[in-house]
Amino acid sequence: MQPLLDIDDVAVRFGGVTALSGVSFSVMPGQICGLIGPNGAGKTTVFNCISRIYDPTSGSITYDGRDLLKERPHTIVRLGIMRSFQNLALWPGLTVLENVMMGAYRRGKVGFLRSPLWLGARREENSLATRAYQLLEELDLTDIAFRQCEGLPYGTMKRIELARGLAADPRLLILDEPATGLTHGEVTELGDLIRGLRDRRDLSVLLVEHHMGMVMALCEHVVVLDFGRKIAEGKPDQVRNDPRVVEAYLGAPDQFDAHGASSATSATSATGGTGGEATA
Amino acid sequence: MALVKITQNTPAHWAYRAIRWAVVAAALLYVPWFAHQPARIDQFTQVAAFAVALLGLNLVMGFAGQISLGHSAFVGLGGYITVILVAKHDWGYLQTIPVVIVICFIAGCIVGLPALRISGLYMAVVTLAVGAVFPIIVLKYDGLTGGANGVLAKNKMLPPSWTPFDAHSRFGPVAYRYLVVLLVAVVMFVLTHNLVRGRIGRAIIALRDNSTGAAVSGVNLGVVRTVLFGISAALGGVAGTLLIIQLPQATDGRFGLELAIFLVVALFAGGTGRTSGAVPGALIYVFLPYYAIEWAKHISFLKGPGASSVSGVIYGVLLLIFVFVLPGGVVDGLRRAWGFVFQVIPRPMWLMRYRGEAPLGTTAHGGSPPMEVDAHAVDAPHTPDATGPGSVPEHVAKADTTDRSLSSTTNQHPVFEGETPR
Amino acid sequence: MSGGSTKTQVKAANGGLERGMVALRNVGARRMQTFGGLLAVLVVFSVWAVIDGGSKLLLQRTFDGLNNGFIYSAMALSLVLIYRSTGIINFAQGNMAMFGTFIAYVLIVEQGLSVVAGVIVAMVISAIGAAVIERLFVWPFDPKNHLAITIVTLSWYLIIAALAGIIWAFDPRAFPSPFPTGANDYVSIGGARIRYASLGIWATVLLTLVLVTQLLRRTKIGLAFRAVSSNLDSGRLVGIRIGRVVQLGWALSAAVGTLAGCLIAPSLLLDPNFMSKVLIYSFAAATLGGLDSLGGAVIGGLIIGLVQTMSGGYFKIIGSEFSLASALAVIIVILLVKPSGLFGSRRVERV
Ligand SMILES: Nc1ncnc2c1ncn2[C@@H]1O[C@H](COP(=O)(O)OP(=O)(O)OP(=O)(O)O)[C@@H](O)[C@H]1O
Ligand SMILES: [Mg+2]
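Sequence order for the protein chains is A, B and C. With our numbering applied, the first sequence corresponds to residues 125 to 404, in that order. With our numbering applied, the second sequence corresponds to residues 1253 to 1674, in that order. With our numbering applied, the third sequence corresponds to residues 1213 to 1563, in that order.
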């Protein structure tokens, strides 16, 4: 089977900092793929290359047989790729509903010419709004639909971002730490939700997450980065027992013994590896 | 909490809206009768014209978060185009508006183009350059623009005979011009308001609040920014035309950098990020200096050359009071005061249809036709929540859906978004 | 501590050092490119100018241009100081300088102080005034609320201009120069004259630049200032009292502004509007230099001054009316190539 997303030998340098070097992996259609690694490993940088915010210094990224590096940030969503952001990229000046409607921006047709005259706008607005509202229902956010999205709890904003991502009706959804700020129950729910969405739609997911329980339970394939290099790849079980991975996460190897959403290890303790909280 | 709560799309809400609009319309139309002197009507004509300029500036500064210190140039461009066409080519005043819109739009796109690469305060310098250079160009090409003498159109706009206005009375022409300018201004307001409340409006606010998020959602930042600057310039040009209708004389001094800066001040005072902010802004811009000077004439120690400066002090102090007491400008204050009395609880039509509710919200029709939604969008059948309350719970219905402003607690400044010194 | 962890740490430290070195070299290379480009333009232009009007004329125009340029530099310096401490452009800067210059005028002409003493006292008074304005009208706001602070500066732009109009009215006044201005007070270089007054201005501006830079480099509050201007939040985290630093920025900036005003006033005439054009040029100069670089402000000012004089002098179509336009056009072109000015630090947006 041809991979949906193929990252081949990608390197990214910022001045003297090498954020990624020789990273290759691929995401199959319908797959939920996990991308993990300690803080600063380069996970977000991979995402930024896919969404064309950064230009790789070398290497290639192919999506559905198409050279992704030829695209611009705003054309990516047209191809069916949508992402969420680690540090949130919501718009405080818009209501929650409007934030989600923006995810479907590309599906609207009323532009600069028709909008002032409100030609066909009403119909389109209604359908975009209804659609967004359905997604809010699905994510249990209808209570705040008409509120400005500022000042909401972090976990709620993460879910709004997820709703916005889904509003784009993507074929590949890339999520940067969607479980941050969620309670344990919510993390389980989120995992179920993502799997459910994947099952119902023609959707593949690339997921960055520090919450190992979620990654191990959800992903069919896991890629591990450390210091900008891929150090392991495979099924969750293989990766968990890989000695290089254990060393990269040094300081919290018990991360990998905890299964499922009951894992009590917080995301941040996985990051002790480079900080020297070693107990091994 | 508000004294009166009105649910959207109920008879009470319709009545509320109708009364509000009727009051606004009546107030606008009553002006020529309420003002006892032609000069006073003229001032209201100016208010309408400047409101259009502020509307344009607001698009760029309030909605898109780009600073512009050069909008005087577009106002001037529009003004000069109109006055030249009228004075030298015998056009009618209103006929020039399409030409003004096209030329100013193109000029605005060209000026806005550098924003593709340049942002924040650096872009402010580019616009400042445009504002500063415009009067110089006017003086340089004196064959066309009359140089320092300016251009004067001798034939003022007069009411045609089919109107009830008497072209030979003191009031007739002035009142007629007021109504014409008002009409054009209202059309501009409606068009702009539609623009910012729809899909494009969301995109504009999105690129102000978080441009990366906007780009990833598919907004072509370059195109939206550039076209928006063009539209803003076109509105500035129309304002220039309207100012020429009010006083058919264009000089370089009328459209200098001073105007650009005062427009920015008036916009801040009126309120950024809301189309209605342009109206109080224009009122302040026109009437504040006028009353300040009137007042200063009565104070003995201010008599003499310094008297005209008093308006500057009052302007400045008032602006300071605004930042401290009403950081969102006059409209924001008015809205908040209004919010103590009336609160509209959002319950848009589409939501009612989606839930299968009857328009009045009294009985739930089981069999009302479901809302058409793109088929592929619905992945799981949803059971309309027919038993639920007809509206969003009050405690969460904080904001009106058309509320575009950043709340006053926002620290991020829309104009210098993300621009911290490093 | 396990061995593995220490190894990681050493690896990270080494990596950090290496990255730092490479980054330094890269910065150097960028600057060299900038300088190289500017130099090439300069050489081509001077060859052409010498052919066109002879070397004496070129020299004379260069000196005149530098003269204007240094004055713009001084004002640009004061703009940069506020930008670095507050993150905004102070629209009131020109009028604050104008007011300070009027104070110096009152002290010198009406109170009979010596010119140098008058200027220094006026600088101190402006610094105090600006510090008070900062404390009363800027300090109450969150330092990141740039909109509010910008409106405050716009308010003071209006208030100060109007106050000066009320107090001193609008008839222009002559301002005494602190430097010798006799008919023979000049040095001649290649036939072109530099007046002592010009030399005095150049030296004063350069000295100011050195003093301000040293103040920021050598003193503790200067360190705090640099920390705050590079990252407000981290500055706050390490316990810097931001308010103090911002106040210092305003005071310093007002003093430098007043100095600039007093340096220009002898060649222009003093009236409440006399700084408005200068402000536009120095705004442009600060932007050109990169808004956050003190040295950049000075170089930006010099470039603006030179472009203004040369374009007005050499290109007949442009003429003197268009010199402002040509200076601004140059800035737009430079900004298109380097969106954050010649020496400004590039803002990296992390997502
Ligand atoms: N724009 C940039 N400029 C300079 N360096 C950058 C930039 N973006 C990322 N980096 C560097 O690249 C490296 C990888 O960063 P990245 O954000 O991809 O890590 P991450 O794996 O997402 O970490 P985290 O788990 O903390 O989110 C880091 O060393 C970071 O400092
Ligand atoms: Mg990350």
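Where a beta carbon is used, it is the ideal one built from N, C-alpha and C, also for glycine.
I'd like to know if residue 1675/B contacts chain C, where contact means its C-beta is closer than 8 Å to some C-beta of that chain.
In the structure displayed, chain B extends from 1253 to 1674; residue 1675/B sits before or after that span and is not available.
Under a CB-based cut-off of 8 Å, is residue 1384/C close to chain B?
no
I'd like to confirm something about residue 167/A: is its beta-carbon nearer than 7 Å to some heavy atom of ligand 2, or not?
yes
So is residue 1528/B in contact with chain C if we call contact Cβ pairs under 8 Å?
no
Any contact between the segment 273-280 of chain A and the segment 206-217 of chain A? By contact I mean 3 or more CB pairs, one from each, below 8 Å.
yes
Between residue 1290/B and residue 1421/B, what straight-line distance do the alpha-carbon atoms span, to the nearest angstrom?
So the alpha carbons of these two residues sit roughly 10 Å apart.
Can you tell me where the alpha helix (DSSP H) with residue 67/A in it begins and where it stops?
Absent from the model: residue 67/A. The displayed extent of chain A is 125 to 404, so no value can be given.
With a CB to CB cut of under 7 Å and the five nearest residues on each side skipped, what residues in its chain are close to residue 1578/B?
Correct list, in chain order: 1584 and 1585.
Looking at the secondary structure, which residues open and close the alpha helix (DSSP H) in which residue 126/A lies?
Looking at the DSSP string, residue 126/A is not in any alpha helix (DSSP H), and its letter there is neither H nor E.
Which bits of chain A does residue 1266/B rub up against, with CB to CB less than 9 Å?
Here the premise fails: no neighbours, minimum Cβ distance about 17 Å.
Helix, strand or coil for residue 157/A, going by three-state DSSP, please let me know.
strand
Apart from the five residues on each side of it in sequence, which residues of its chain come closer than 7 Å, Cβ to Cβ, to residue 1445/B?
1527
Quick check on residue 1325/B - is its C-beta less than 8 Å from some C-beta in chain C?
no
If the cut-off is 8 Å on Cβ atoms, which residues from the segment 237-253 of chain A count as contacting chain B, listed in chain order?
239, 240, 241, 242, 245, 248, 249, 250, 251, 252 and 253
Below 8 Å between beta carbons: does that hold for residue 183/A and residue 135/A?
yes
What do you reckon, are the CB atoms on residue 1388/C and residue 1337/C nearer than 8 Å?
no
Please report how far the alpha carbon of residue 1543/B lies from the alpha carbon of residue 1332/B, in whole angstroms.
29 Å
Note down, in chain order, each residue of its chain lying with its Cβ closer than 7 Å to the Cβ of residue 1380/B, except the 5 sequence neighbours on either side.
1321 and 1322
Strictly under 8 Å for the Cβ-Cβ distance: is residue 1533/C near chain B by that measure?
yes
How about residue 350/A: is its Cβ closer than 7 Å to a heavy atom in ligand 2?
no
Skipping 5 residues on each side, what residues in its chain have a beta carbon closer than 8 Å to that of residue 1205/C?
Chain C is shown from 1213 up to 1563; residue 1205/C falls before or after that span and cannot be answered.
Using the Cα positions of residue 1563/B and residue 1283/B, report the straight-line distance between them to the nearest angstrom.
25 Å
Does ligand 1 have even one heavy atom less than 7 Å from the beta-carbon of residue 149/A?
no
Under a CB-based cut-off of 8 Å, is residue 129/A close to chain B?
no
Let me know the secondary structure DSSP gives residue 1502/B once reduced to three states.
Residue 1502/B sits in a strand when the DSSP states are folded into three classes.
Buried or exposed for residue 1419/B, going by 16 or more other Cβ atoms inside 10 Å?
exposed
Quick one, are the C-beta atoms of residue 193/A and residue 347/A less than 8 Å apart?
no
Any beta carbon of chain B sitting closer than 8 Å to that of residue 175/A?
Yes, its Cβ sits closer than 8 Å to a Cβ of chain B.
Using the rule of at least 16 other Cβ atoms within 10 Å of the residue's Cβ for burial, across every protein chain shown, is residue 1546/B buried or exposed?
exposed
Relative to the alpha-carbon of residue 1565/B, which residue among 1298/C, 1257/C, 1260/C and 1376/C has its alpha-carbon at the smallest distance?
Ranked by Cα distance from residue 1565/B, the options 1298/C, 1257/C, 1260/C and 1376/C are led by 1376/C.
Under 8 Å between beta-carbons, which chain B residues line up against residue 1551/C? List them in chain order, please.
1369, 1370, 1371 and 1374
Apply the 10 Å Cβ neighbour rule to residue 1520/C and answer buried if 16 or more other Cβ atoms are within range, or exposed otherwise.
It is buried - the Cβ of residue 1520/C has at least 16 other Cβ atoms within 10 Å.
Counting only Cβ pairs nearer than 8 Å, list the residues of chain C close to residue 1305/B.
Under a criterion of Cβ atoms nearer than 8 Å, no residue of chain C is adjacent to residue 1305/B; the nearest Cβ is some 17 Å distant.
Just verifying my parser: in three-state terms, what is the DSSP assignment at residue 1365/C?
helix
In angstroms, rounded to a whole number, what distance separates the CA positions of residue 1268/B and residue 1261/B?
When rounded, the distance between both Cα atoms is 10 Å.
Taking residue 1426/B as the reference, give the member of 1605/B, 1285/B and 1258/B with the closest Cα.
The closest CA to that of residue 1426/B, considering only 1605/B, 1285/B and 1258/B, is found on 1285/B.
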